[in-house]
Structures are given as C-alpha cells and as structure tokens.
Amino acid sequence: MPQRTPKDVAHVAAGGRMVDFGGWEMPISYGSQLKEHDAVREMAGMFDVSHMTIVDITGEHARHFLSYLLANDVEKLKTPGRALYSCMLNEQGGVLDDLIAYYLNETFYRLVVNATTRGKIMAWITDQARAFDVTVEERTELAMIAVQGPEARQRVLELLPAAEAPIAGGLKPFSAAQLGGLFVARTGYTGEDGFELAMSAAAAPAMWDKLLAAGVTPCGLGARDTLRLEAGMNLYGQDMDESVTPLQAGLAWTVAMVDERVFIGKEALLKQKKQGIPDQLVGLVLQDRGVLRPGQKVITTAGEGITTSGSFSPTMNKAIAMARVPQDAGQKCQVDIRGKLLECSVVKPPFVRNGSVCEGIV
125 MPQRTPKDVA HVAAGGRMVD FGGWEMPISY GSQLKEHDAV REMAGMFDVS
175 HMTIVDITGE HARHFLSYLL ANDVEKLKTP GRALYSCMLN EQGGVLDDLI
225 AYYLNETFYR LVVNATTRGK IMAWITDQAR AFDVTVEERT ELAMIAVQGP
275 EARQRVLELL PAAEAPIAGG LKPFSAAQLG GLFVARTGYT GEDGFELAMS
325 AAAAPAMWDK LLAAGVTPCG LGARDTLRLE AGMNLYGQDM DESVTPLQAG
375 LAWTVAMVDE RVFIGKEALL KQKKQGIPDQ LVGLVLQDRG VLRPGQKVIT
425 TAGEGITTSG SFSPTMNKAI AMARVPQDAG QKCQVDIRGK LLECSVVKPP
475 FVRNGSVCEG IV
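In our numbering, the protein residues as written are 125 to 486.
See the structure below:
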C-alpha cells in the first residue's frame with residue numbers, strides 16, 4: 125500500500141491521475157501534462173513534493189560531520205540560510221543520492237533528499253553519524269510544496285504576512301529562511317525561479333488551496349520530469365546511481381577536492397581521475413522524427429553508449445535525452461530506436477533555462 129501525502133484528497137478532487145512513485149501515491153498529471161509544463165515555463169505551477177525526505181542534522185559537530193558525509197564542502201556556507209547541492213557517495217565514489225544542504229546555524233543543518241532512496245539514505249546517515257556527536261532527525265511531520273515559474277515567487281509573496289513577505293522576497297537563489305511555521309527556500313528542480321515551501325502536514329492543504337486560488341497551476345510528476353530534463357538536471361536512479369561517480373554524471377562541479385578535507389568516496393574519485401574517466405553524461409537532441417527514451421543504444425565514433433533519460437521537449441518541440449557515452453564521442457551520434465538508427469546532436473546540458481532554449485543547443 126503506497127503512502128499518501130497530506131494533499132492526496134486535493135489531488136484526487138482536482139482530477140489527478142495517481143500512480144505509485146517510490147512507495148508514494150502521487151499525481152502523474154491533472155489532465156494535460158503539456159499544459160502543466162507550459163504553465164511552469166510561462167507563469168507558475170506547483171508540485172506536491174511531500175514525498176521528499178527532510179533530515180535535520182544538529183549538534184556542535186554538525187558541520188564537521190557533513191564535511192565528511194558530502195562530496196561538496198559545507199565550509200562554503202558562511203551565511204545562515206545559504207544552501208548547496210551535493211552528492212552523497214559510497215566508499216567506491218558511487219552516488220548514493222543527490223541532495224540540497226541548508227546551513228541554518230553552526231549547530232543546525234537541513235538536508236532534503238530523494239523519496240526513492242529514503243530507507244537506504246536514512247540508514248546510511250545514521251550509521252555514519254555514530255562517530256560524531258550529532259543528532260539525526262527525519263522530519264516526517266513536514267510536508268513540501270514546490271512553486272515554480274516566472275510568476276511563482278510573486279504568487280507566494282502575496283500570500284505571506286506583511287512582516288514576512290520582504291524576508292522571503294529578499295532571498296537570493298539557493299537561500300532559505302524560517303518564517304514562523306513556514307520554511308521558504310529559493311530552490312527548485314525545473315530550471316525556473318521559485319520557492320520550495322516546507323510546513324506542517326496539517327497546514328499543507330490550506331497552503332495548496334491558497335496557491336490554487338491565486339492562480340497557480342497544479343502539476344504532476346510528468347511535467348516535473350520534462351521540466352527537469354530540459355533543465356539538464358539529473359534524476360537519481362536513471363542518470364546516476366551507486367555504480368556511477370559524480371565525475372561520470374556531469375557533476376564534477378559539485379565535488380570539492382580540498383587537499384586536507386576527508387570525505388567518503390574521495391580516494392576513489394582521486395583514483396578515477398588519475399586512471400582516466402571512461403565516460404561522460406551528455407545531452408542529445410534528436411534531428412529526426414522519433415522519441416528518445418531511457419535505455420536506448422547510442423552509437424558514436426568512439427564506441428557505444430546508452431540513453432539514461434529521454435522525452436519530448438515541449439519547449440524545444442524536439443526529442444531530447446541525457447546519455448552516457450565515451451569521452452571522445454564527438455558532436456554527432458546515432459540512437460537505435462526500434463531498430464532504426466536516427467541522427468542526434470551531442471550537446472552540453474542544460475537545454476532550457478528560464479523559459480528559453482540555451483545557446484548552442486539547436
């Protein structure tokens with residue numbers, strides 16, 4: 125039996141087509157996935173992301189612990205409220221999960237990790253924390269709503285109390301603030317500006333209804349996937365997993381190889397860099413008519429690869445994909461789609477940012 129978020133009734137009432145996603149009953153769409161996608165690119169859309177796992181790390185050695193746990197370096201976070209994106213690695217350098225870490229004060233950090241890895245990651249964090257004087261608390265009583273799009277922030281700000289709206293409005297990208305019972309973060313997974321809001325499960329349905337009344341479009345997992353793919357954002361379990369290092373997943377920029385800092389997986393990454401990274405994650409744009417999907421064979425002049433994510437891009441009106449290919453793959457390749465070899469351009473993601481196709485993509 126899948127778990128349900130606090131807004132499950134609202135999803136069904138709005139016509140949400142519900143599916144099992146990582147053990148949670150979630151809406152894939154509310155009717156037209158294309159309209160939901162366009163709403164985020166052009167106005168404002170909202171997603172129920174209460175299935176995400178919120179973990180609070182507290183204690184005098186919280187910063188030291190996270191410096192060891194994460195491949196990115198929390199020492200970069202100097203101002204309360206600032207956040208960073210990082211991978212959590214195993215000893216072999218493989219990606220256990222990707223996450224956002226928020227620095228709230230010297231003894232309090234918040235992590236938001238993926239729903240599909242919940243059990244594995246909670247066990248891993250708890251086990252690693254045994255050597256540190258920290259407290260690990262999963263905040264199961266909290267729910268989350270992501271509001272994304274060029275009008276998203278303004279729609280949210282209009283709903284906040286007069287004393288709190290300027291604080292939220294002044295947040296820089298990858299920053300957060302606790303406003304009474306509402307945690308407001310200027311982060312997202314769509315390539316658009318917006319907020320991710322965390323609040324008590326009891327307060328979530330009312331917030332959802334207020335956003336709906338303010339003209340924010342409910343969006344499901346389908347639109348979320350096409351939006352994040354256009355934005356060149358990895359999906360855990362497809363574009364990366366425990367068998368893939370950040371250096372192979374286009375995430376080298378999230379690894380802080382500071383000489384004196386020790387973190388889980390560092391030695392494996394150093395060894396891989398020395399030996400040579402065998403493959404890379406790239407973007408593909410299909411030049412022929414067809415559909416790109418995960419698991420399709422990619423043929424390059426340097427050898428074969430495989431698509432890891434793929435879909436039709438509503439913004440570009442073309443099929444796009446992420447693919448793992450040899451390092452010397454070049455700028456052209458072919459993808460085997462049902463026995464036919466179709467031409468693709470090899471590009472560097474993202475494909476779309478802030479509603480516009482990125483330079484050099486088409």
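Idealized CB from N, CA, C, for every residue including glycine. Keep in mind it's a predicted model, so treat the numbers as computed, not measured.
Item, Value
"Short Cβ contact (8 angstroms threshold) for serine 433 with glutamine 362", "yes"
"Neighbourhood of aspartate 452 by C-beta distance below 7 angstroms, restricted to the same chain and skipping five residues each side", "Ala426"
"N-terminal and C-terminal residue of the beta strand (DSSP E) that arginine 448 is part of", "442-450"
"Segment contact, 8 angstroms Cβ cut-off, at least three pairs: the region 166-179 with the region 251-267", "yes"
"Proximity below 8 angstroms, CB of methionine 142 to CB of valine 340", "no"
"Every unbroken beta strand (DSSP E) inside the region 318-360 [3 residues or more]", "318-324"
"Cβ distance (whole Å) where glutamine 411 is taken to contact cysteine 482 below 8 angstroms", "The pair is not a contact, with the Cβ atoms about 17 angstroms apart (cut-off 8 angstroms)."
"Cβ pair count under 8 angstroms reaching 3, the region 330-350 against the region 181-194", "no"
"Reduced DSSP category for serine 156 - H, G, I as helix; E, B as strand; rest coil", "coil"
"Among Val470, Leu375, Ala301 and Gly374, the one whose alpha carbon lies nearest that of methionine 323", "Ala301"
"Status (buried if at least 16 other CB within 10 Å, exposed otherwise) for asparagine 238", "buried"
"8 angstroms contact criterion, which cysteine 211 and proline 342 should meet: CB distance rounded", "Actually they are not in contact, since the Cβ atoms of cysteine 211 and proline 342 sit about 31 angstroms apart, beyond 8 angstroms."
"Where the beta strand (DSSP E) through alanine 301 begins and ends", "300-303"
"Glutamate 354 vs threonine 439 beta-carbon contact at 8 angstroms", "yes"
"7 angstroms Cβ shell around leucine 201 - same chain, five flanking residues per side excluded", "Leu208 and Tyr227"
"Distance between glycine 419 and tyrosine 313 (C-alpha atoms, nearest Å)", "23 angstroms"
"Beta carbon of lysine 421 nearer than 8 angstroms to that of aspartate 365", "no"
"Span of the beta strand (DSSP E) around alanine 225", "219-229"
"CA-to-CA distance, histidine 161 to glycine 315, given in whole angstroms", "12 angstroms"
"CA-to-CA distance, alanine 309 to leucine 295, given in whole angstroms", "8 angstroms"
"Through-space distance from phenylalanine 307 to threonine 250, alpha-carbon basis", "24 angstroms"
"Residue environment, valine 133, which counts as buried when at least 16 other CB atoms sit within 10 Å", "exposed"
"Opposing strand residues paired with glutamate 149 [DSSP bridges]", "Arg128 and Asp144"
"Residues near asparagine 196 in its chain [Cβ-Cβ closer than 6 angstroms; skip 5 each side]", "Leu208, Ser210, Thr378 and Ala380"
"Rounded C-alpha distance that separates aspartate 257 from glycine 243", "22 angstroms"
"Pair within 8 angstroms by beta-carbon distance, glycine 140 and glycine 344", "yes"
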